[in-house]
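*Asks:* In the order they appear, the protein sequences are chains G and P.
Under the working numbering, the first residue of the first sequence carries the number 1, and numbering increases by one thereafter.
Under the working numbering, the first residue of the second sequence carries the number 345, and numbering increases by one thereafter.
Here a beta-carbon is modelled for each residue, glycine too, at the ideal position from N, C-alpha and C.
Bear in mind that the values here come from a model prediction, so they are computed numbers and not experimental data.
Please read through the structure below; I'll follow up with questions.
There are 2 protein chains.
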Amino acid sequence: MTLRELARHLNLSITTVSRALAGYDDVSEATRARVREAAERLGYQPNPLGQRLRSGRTEAIGLVIPAAPGHMSDPFFLELAASLGDRLREHGLDLVLTSAAPGPQEMERYRYLVEGRRVDGVVVARTRRHDERIAYLAEKGVPFVCHGRSETPAVFPYIDVDGEHGFRIAAEHLIRLGHRRIGLVNSPEELNFTHHRVSGYRQALEAAGIPWDTSLIEYGDLTEESGYRAAKRLLSLEEPPTALLCANDWMAIGAMHAVREGGMWPGKDVSVVGYDDLPVARFTDPPLTTLRQPIRASGARLADMLVELMNGAKAEALQEVHLPELVVRGSSGPVAGGPPQPPG
Amino acid sequence: MTLRELARHLNLSITTVSRALAGYDDVSEATRARVREAAERLGYQPNPLGQRLRSGRTEAIGLVIPAAPGHMSDPFFLELAASLGDRLREHGLDLVLTSAAPGPQEMERYRYLVEGRRVDGVVVARTRRHDERIAYLAEKGVPFVCHGRSETPAVFPYIDVDGEHGFRIAAEHLIRLGHRRIGLVNSPEELNFTHHRVSGYRQALEAAGIPWDTSLIEYGDLTEESGYRAAKRLLSLEEPPTALLCANDWMAIGAMHAVREGGMWPGKDVSVVGYDDLPVARFTDPPLTTLRQPIRASGARLADMLVELMNGAKAEALQEVHLPELVVRGSSGPVAGGPPQPPG
DNA sequence: CTGTTAGCGCCTTCAC
DNA sequence: GTGAAGGCGCTAACAG
Chain G
1 MTLRELARHL NLSITTVSRA LAGYDDVSEA TRARVREAAE RLGYQPNPLG
51 QRLRSGRTEA IGLVIPAAPG HMSDPFFLEL AASLGDRLRE HGLDLVLTSA
101 APGPQEMERY RYLVEGRRVD GVVVARTRRH DERIAYLAEK GVPFVCHGRS
151 ETPAVFPYID VDGEHGFRIA AEHLIRLGHR RIGLVNSPEE LNFTHHRVSG
201 YRQALEAAGI PWDTSLIEYG DLTEESGYRA AKRLLSLEEP PTALLCANDW
251 MAIGAMHAVR EGGMWPGKDV SVVGYDDLPV ARFTDPPLTT LRQPIRASGA
301 RLADMLVELM NGAKAEALQE VHLPELVVRG SSGPVAGGPP QPPG
Chain P
345 MTLRELARHL NLSITTVSRA LAGYDDVSEA TRARVREAAE RLGYQPNPLG
395 QRLRSGRTEA IGLVIPAAPG HMSDPFFLEL AASLGDRLRE HGLDLVLTSA
445 APGPQEMERY RYLVEGRRVD GVVVARTRRH DERIAYLAEK GVPFVCHGRS
495 ETPAVFPYID VDGEHGFRIA AEHLIRLGHR RIGLVNSPEE LNFTHHRVSG
545 YRQALEAAGI PWDTSLIEYG DLTEESGYRA AKRLLSLEEP PTALLCANDW
595 MAIGAMHAVR EGGMWPGKDV SVVGYDDLPV ARFTDPPLTT LRQPIRASGA
645 RLADMLVELM NGAKAEALQE VHLPELVVRG SSGPVAGGPP QPPG
C-alpha cells in the first residue's frame with residue numbers, strides 16, 4: 001500500500017493525501033477524516049525508504065561496541081545498547097550495532113558507518129584518553145555523543161561517571177577499615193576513566209598520609225582472567241596489600257578467586273572492591289562491595305542528547321558527570337591483625 | 345559526491361559510470377579504468393538511500409532482545425548481537441537492535457520493524473514453546489531465523505543447542521558422583537528449551553532407576569536472584585537435594601550463594617551445575633561445572649542462514665542442532681556421607 | 001483547499 | 001560502447 005494507491009482509492013491526489021496525513025492545516029477537515037479513515041482501513045504505512053531518500057536522513061544511529069566477540073561478557077554494553085536502542089526508537093531512530101576490538105578494524109567500522117552514509121549519528125562507548133574515534137568523528141563533523149570524557153581535543157556531548165570520586169570514596173572506605181596497603185587492580189591505561197580513578201585513589205591515600213607505592217598497581221583488561229592474574233601478582237609481593245581496589249566487577253571476581261586460591265578469605269584477610277555493581281555482585285561469596293553506576297539511565301540520556309545535538313543544541317550544554325555510589329557488602333572488612341600471609 | 349557529479353567530472357553519462365562501477369562488461373576497459381580512478385580519487389561512495397529505494401530493500405535485519413533493560417545482564421545476548429552484527433555487515437546488512445520484555449510491547453516492536461518496513465528480515469532469540477513472534481513472522485512471510493526451536497507450527501531455519509543431551513549428560517555426571525536427589529533450578533516453562541532439558545534430566549534419572557519427584561523442581565527466570573530463591577526453596581525441603589542442576593550460569597551462581605548461606609559448601613555438601621559456560625564460570629568459588637554452548641559461532645551461522653534464506657534457500661535445509669559440552673569444575677563433587685543438613 | 005510538477009540517488013530497460 | 005528516460009515512494013514549492 002503506497003501513497004499513490006491510497007490516493008487512487010480516494011480519488012485524491014498524492015499530495016493531498018500526504019498532507020492530510022502529515023497534519024497540514026491547509027486541507028479540509030472532511031478530507032482529512034476521509035483520508036485518515038482510509039489509511040487506517042487499508043493499513044497504509046509510509047515507506048521509510050522513500051522518506052529517507054527524500055529527507056537525506058538514514059534515521060539510524062551507529063554503535064560500535066569496542067570489544068571483539070568472545071570478549072564482551074560485559075553486560076555493561078548490552079544494557080547500554082538496549083537502553084539506547086529503546087530510547088532512540090522513541091525518537092524514530094534505529095540503532096545499528098556492530099563490534100570491533102580497538103584498532104584499525106574498529107576505525108574501518110566507523111568509516112563504513114559514516115562515509116558509507118549508513119547513519120546520521122554515532123554513539124561512542126568507553127572513551128579512551130586519546131581517542132582516534134573522537135578525532136575522526138569530530139573531523140568529519142558527524143553528530144556524536146560519548147559515554148565517557150576524553151583528552152582528545154574536541155567539544156562533544158558526553159555522559160561520564162566521576163571515577164575520581166568513586167575511587168576516592170572507595171579508598172576512604174578501605175582506609176577507615178584500617179587498610180594502609182591498598183592494591184590497585186587497574187584498567188588499561190589508555191582508557192580515559194583510568195586516570196580519574198587513579199587520581200581519586202591517590203587523593204585518598206594522601207589525605208590519610210599513606211605513601212604512594214607504585215608496586216601496588218597492576219593492570220588488567222577488565223576481564224575476570226586479567227583481574228585474577230593482577231591480584232596474583234599483588235598478593236605475591238613481599239609486603240602484599242590487605243585490600244584490592246578493582247576497576248570493574250569482573251576483575252574483582254577474578255581477584256577474589258585469587259585471594260581464595262591463596263588460602264585467604266575475601267573480606268576477612270583481603271578486602272576486595274569492584275566497580276559497576278553488576279547484578280552478580282550481590283551473589284558472589286562474599287557479596288561484592290562495589291561502586292554503582294547508572295548505566296540504563298545513561299543510555300537513555302545519551303539518546304536524548306544525540307537527538308538534541310542533531311536538532312542544533314550546543315555540545316557544551318550537553319555534558320554531564322554523574323556520581324557513582326558506594327555499595328558496601330561483605331567483600332570489604334576491617335583489616336586483619338597483621339597483613340595476611342602470602343600464598344603458597 | 346553523487347553519481348551525477350562523478351559523471352559530470354568525467355564527461356560521461358550517469359548510466360555509463362554506474363555500469364562501469366558495477367562491473368558490467370559492456371563498457372570499455374579504458375572507460376572503466378578512468379571511472380574507477382576518478383571514483384577513487386574523488387571518494388565516491390554510492391548513497392545507500394538511493395540504492396535502497398531503488399531495490400526496495402532496507403539492507404537491515406532486526407533483533408529484539410527479549411528482556412527489559414535492567415534485566416539483561418545476560419552476556420549471551422550481547423555475544424549473539426555482536427556476532428550477528430559483524431557477520432551481517434559482511435553481507436552488506438545492518439543489524440537494528442531493540443529490546444522488549446516478552447508481552448504486548450514486544451509484539452509491537454516486531455510490528456514496527458516488519459510493517460514499518462524497517463528491516464528485510466528478523467532474528468528471533470530465545471524461542472518459546474508457543475511463540476507469538478514466530479507465528480506472526482510466519483504469517484507475514486518475513487524471512488526470519490531463530491535461535492532455538494519451537495512448537496509453534498511453522499517451518500523456519502534455526503540453530504539450537506541440544507538441551508536434552510545437555511541435561512542428560514549433566515545429570516549422568518551427578519549420578520555417577522553418587523547423587524540421587526538432584527534438584528532442578530529450572531528455566532521458565534514457556535521457553536522452548538526448558539522441555540528438552542527436563543526430558544534429558546528425566547531420561548538420566550530413569551536410566552539410573554531414580555524415581556521422579558516433582559518436588560525437586562523449582563522455577564526461576566534465569567537471573568541470579570531467582571536462582572538463589574529457587575535453591576533456597578529446594579534446600580529447605582525435608583529431604584533436600586544433594587545436587588542442583590541449573591538452567592543457566594546466573595541461576596547457578598545464585599544457587600551457590602544459597603548453598604553458602606545455608607552453611608554448606610558448593611561442590612562438597614551440595615553440587616551445583618550451570619549452563620552456558622560464561623567466562624565468569626571459571627572464577628566462581630568453587631569454579632562452576634557447566635554446559636558449554638557455542639554462542640559466538642551461532643550468531644555468525646544465524647546471519648549466514650538468514651542470508652541464504654533470503655536468497656531462496658529452503659528453510660528445511662537450514663536447521664541445525666549442536667551438542668553442548670560438559671565442562672567439569674569444582675562445583676560438582678561426590679555426594680557427601682549423607683544428605684546435608686537443611687539450613688537454619 | 002487541492003493538484004501539478006520536480007527531484008532526492010540509484011539502477012535498468014531500451015534505443016542508438 | 002554509450003546515452004536518454006523512467007521510476008522506486010515520498011515531500012515540498014508553486015499554481016490554481
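1) Please list the residues of the region 287 to 313 of chain G that have a C-beta atom closer than 7 Å to any C-beta atom in chain P, keeping them in chain order.
2) Could you check where the beta strand (DSSP E) with R636 (chain P) kicks off and where it finishes?
3) With a CB to CB cut of under 6 Å and the five nearest residues on each side skipped, what residues in its chain are close to V114 (chain G)?
4) Report the three-state DSSP secondary structure of E562 (chain P) (helix, strand or coil).
5) Sorted by chain position, which residues of the same chain lie with C-beta nearer than 7 Å to G465 (chain P)'s C-beta, five sequence neighbours on each side aside?
6) Count the other C-beta atoms from every protein chain shown that fall within 10 angstroms of the C-beta of S13 (chain G), then say buried if there are 16 or more, exposed otherwise.
7) For the region 249 to 292 of chain G, which segments carrying the alpha helix (DSSP H) assignment without a break, of at least 4 residues, lie completely within its bounds, in sequence order?
8) Quick one: residues in its chain with C-beta nearer than 7 Å to the C-beta of G267 (chain G), no 5 flanking neighbours on either side, listed in chain order?
9) For H540 (chain P), which of helix, strand or coil comes out of DSSP?
10) Given this structure, state the Cα-to-Cα distance separating E508 (chain P) from Y502 (chain P), to the nearest angstrom.
11) On the three-state DSSP scale, how would you describe A243 (chain G)?
12) With DSSP run on the structure shown, which of helix, strand or coil describes T58 (chain G)?
13) For Y136 (chain G), name the three-state secondary structure that DSSP assigns.
14) Which residues does DSSP list as the beta-bridge partners of L21 (chain G)?
15) Measure the Cβ-Cβ separation of W250 (chain G) and T223 (chain G) and say whether it is below 8 Å.
16) Along the region 564 to 581 of chain P, what residues have a CB closer than 9 Å to any CB found in chain G?
17) Which residues, in chain order, does the region 70 to 94 of chain G contribute to contact with chain P at a C-beta distance below 8 Å?
18) Assign N342 (chain P) to one of two classes, buried (16 or more other C-beta atoms within 10 Å of its C-beta) or exposed (fewer than that).
19) Have a look at P:L407, P:P392 and P:P410 and flag the residue whose alpha-carbon is nearest the alpha-carbon of E59 (chain G).
20) For H257 (chain G), which residues in chain P fall below 7 Å Cβ to Cβ?
21) When Cβ atoms are compared, which residues of the region 377 to 399 of chain P fall closer than 8 Å to chain G?
22) Where do the ends of the beta strand (DSSP E) carrying S99 (chain G) lie?
23) Return the residue from the list P:W556, P:A351, P:G492 and P:L432 that minimises the CA-CA distance to E652 (chain P).
24) Taking C-alpha atoms, which residue in G:A315, G:D94 and G:G312 lies nearest to G460 (chain P)?
25) Rounded to whole angstroms, how far is the Cβ of D185 (chain G) from the Cβ of L245 (chain G), which I believe are closer than 8 Å?
26) Where H173 (chain G) and L234 (chain G) are concerned, what is the direct C-alpha to C-alpha distance, given to the nearest angstrom?
27) Could you check where the beta strand (DSSP E) with D504 (chain P) kicks off and where it finishes?
28) Going by DSSP in three states, I554 (chain P) sits in which element: helix, strand or coil?
29) Listed in chain order, which residues of the region 448 to 468 of chain P have Cβ atoms closer than 7 Å to some Cβ of chain G?
30) Name the residue from P:R378, P:D565, P:G571 and P:V408 whose alpha carbon lies nearest to the alpha carbon of H601 (chain P).
31) According to DSSP, I182 (chain G) sits in a beta bridge with which residue or residues?
32) Thinking G598 (chain P) and F283 (chain G) are a contact (beta carbons under 8 Å), I'd like their distance in whole angstroms, please.
33) At the level of alpha carbons, what is the spacing between G656 (chain P) and A22 (chain G)?
34) Can you grab the Cα-Cα spacing for the pair R8 (chain G) / Q45 (chain G), in whole Å?
35) Starting from Q663 (chain P), trace the beta strand (DSSP E) both ways and give me its first and last residue.
36) Based on DSSP bridge pairs, tell me the residues matched to I14 (chain G).
*Replies:* Concretely, from the data shown:
1) R296
2) T634 to R636
3) K140 and V142
4) strand
5) I405, V486, P487, F488, L650 and M654
6) exposed
7) 249 to 261
8) P286, G330, S331, S332 and G333
9) helix
10) 17 Å
11) strand
12) coil
13) helix
14) According to DSSP, which records beta bridges pairwise, L21 (chain G) is partnered with nothing at all.
15) yes
16) T567, E568, E569, G571 and Y572
17) G70, M72, S73, D74, P75, F77, L78, E79, A81, A82, S83, G85, D86, R89 and D94
18) The first residue shown for chain P is 345 and the last is 688, placing residue 342 (chain P) beyond what the model contains.
19) P:P392
20) F627 and D629
21) G387, Q389, N391, P392, L393, G394, R396 and L397
22) D94 to S99
23) P:L432
24) G:D94
25) Inspection of the sequence shows that residue 185 (chain G) is occupied by Val rather than by Asp. Confirmed, Cβ separation roughly 7 Å.
26) 20 Å
27) Y502 to V505
28) coil
29) E459, G460, R461 and R462
30) P:G571
31) G:A243
32) 5 Å
33) 38 Å
34) 16 Å
35) Q663 to H666
36) Answer by DSSP bridge pairing: none, since I14 (chain G) is not bridged.
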